[in-house]
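Written out below as structure tokens is the structure these notes cover.
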Amino acid sequence: MPELLVTMLMMLLVMSALYSIFDMSLRVFSFGNDKTEAVENVRLGLERMERELRGAYPYDRTSGNLALFPGFATNPSNSITFGNDLDADWQIQSDTATEQVTYSLSGGEVLRNGQPLVEFVQPDGLTFTYCKTLTSCPSSISESEIKMVRIDLAVSVDRGPANPATQTLTTDVALRNRGG
Numbered sequence: 040m041p042e043l044l045v046t047m048l049m050m051l052l053v054m055s056a057l058y059s060i061f062d063m064s065l066r067v068f069s070f071g072n073d074k075t076e077a078v079e080n081v082r083l084g085l086e087r088m089e090r091e092l093r094g095a096y097p098y099d100r101t102s103g104n105l106a107l108f109p110g111f112a113t114n115p116s117n118s119i120t121f122g123n124d125l126d127a128d129w130q131i132q133s134d135t136a137t138e139q140v141t142y143s144l145s146g147g148e149v150l151r152n153g154q155p156l157v158e159f160v161q162p163d164g165l166t167f168t169y170c171k172t173l174t175s176c177p178s179s180i181s182e183s184e185i186k187m188v189r190i191d192l193a194v195s196v197d198r199g200p201a202n203p204a205t206q207t208l209t210t211d212v213a214l215r216n217r218g219g
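Here the sequence shown is numbered in the working numbering, starting from 40 and rising by one per residue.
The following block contains the structure:
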């Protein structure tokens with residue numbers, strides 16, 4: 040009988056150790072999977088922003104208004120509004136969601152025209168920096184001097200309250216339709 044109790048105790052210890060290893064590997068896998076999914080969603084959203092922003096179009100070429108970004112005020116900013124002329128009438132129709140595009144940050148999501156585009160974004164994780172060149176992004180810049188927009192998007196995956204994993208993705212977008 041004592042040999043049986045010792046054997047059962049040893050088996051219980053071995054099983055408990057194996058369960059701990061199994062549980063830890065499941066948590067590590069789950070976290071890695073969550074982080075990969077979050078970063079891939081952010082990358083896809085960033086690529087969409089980049090593609091649409093690259094084709095930003097002056098708001099009203101018929102009246103000589105060559106502004107790409109109406110309401111441009113600060114550099115850097117956490118939101119951006121621009122137009123894409125889809126019907127080739129040289130004007131951006133502000134009443135249609137297809138030609139006027141606004142990207143902004145709300146809570147932990149990047150919104151495109153008020154609709155969620157990217158999740159898991161840090162509270163101040165979206166930044167648009169307006170630049171003259173790749174290396175010159177002054178804090179004081181006029182709308183007509185903007186030739187490139189740098190987008191920084193920081194994603195955060197919660198690993199627990201003490202230490203969320205964060206990653207920042209950055210891209211530089213050269214504007215195709217700048218000027219007349």
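Glycine included, every Cβ here is placed at the ideal spot set by N, Cα and C. For clarity, every value in this text was computed on a predicted model and none was experimentally measured.
Note the first and the last residue of the continuous alpha helix (DSSP H) segment covering residue i.
| i | result |
| --- | --- |
| D73 | 41 to 93 |
Give me whichever residues DSSP pairs with residue i in a beta bridge.
| i | result |
| --- | --- |
| T113 | None, per the DSSP bridge assignment. |
| C176 | Per DSSP, none; premise fails for C176. |
| P155 | L150 |
| D191 | T166, T209 |
| A204 | V196 |
Output the boundary residues of the beta strand (DSSP E) element that contains residue i.
| i | result |
| --- | --- |
| I119 | 119 to 122 |
| L165 | 160 to 170 |
| L214 | Looking at the DSSP string, L214 is not in any beta strand (DSSP E), and its letter there is neither H nor E. |
| Y98 | Unbroken run through Y98: none, as it is neither H nor E. |
| S145 | 139 to 145 |
Rounded to whole angstroms, what's the CA-CA distance from residue i to residue j? Just pull it up for me.
| i | j | result |
| --- | --- | --- |
| P109 | F121 | 7 Å |
| F111 | F70 | 39 Å |
| G153 | T166 | 17 Å |
| N80 | A56 | 36 Å |
| R189 | T210 | 6 Å |
| R93 | D197 | 32 Å |
| A193 | L156 | 14 Å |
| V160 | T113 | 21 Å |
| R66 | P203 | 14 Å |
| C176 | M54 | 60 Å |
| E76 | R82 | 10 Å |
| F68 | E158 | 20 Å |
| S162 | G147 | It is Pro, not Ser, that sits at residue 162 in the sequence shown. Roughly 6 Å between the two C-alpha positions. |
Practice task
Please determine if the segment 51 to 61 and the segment 84 to 97 are in contact, where contact requires at least 3 C-beta pairs separated by less than 8 Å.
Solution key: Verdict: no, contact absent.
Problem - Three-pair Cβ contact test at 8 Å for the segment 138 to 148 versus the segment 115 to 127 - result: Contact holds: three or more Cβ-Cβ distances are below 8 Å.
Practice task
Count the C-beta pairs between the segment 164 to 180 and the segment 48 to 56 that are closer than 8 Å, then say yes if the count reaches three, no if not.
Solution key: Under the 8 Å Cβ criterion, the segment 164 to 180 does not count as touching the segment 48 to 56, having fewer than three qualifying pairs.
Handout entry: the segment 208 to 218 / the segment 177 to 196 touching (three or more Cβ pairs under 8 Å)
Key = Yes, since at least three Cβ pairs between the segment 208 to 218 and the segment 177 to 196 fall closer than 8 Å, the two stretches touch.
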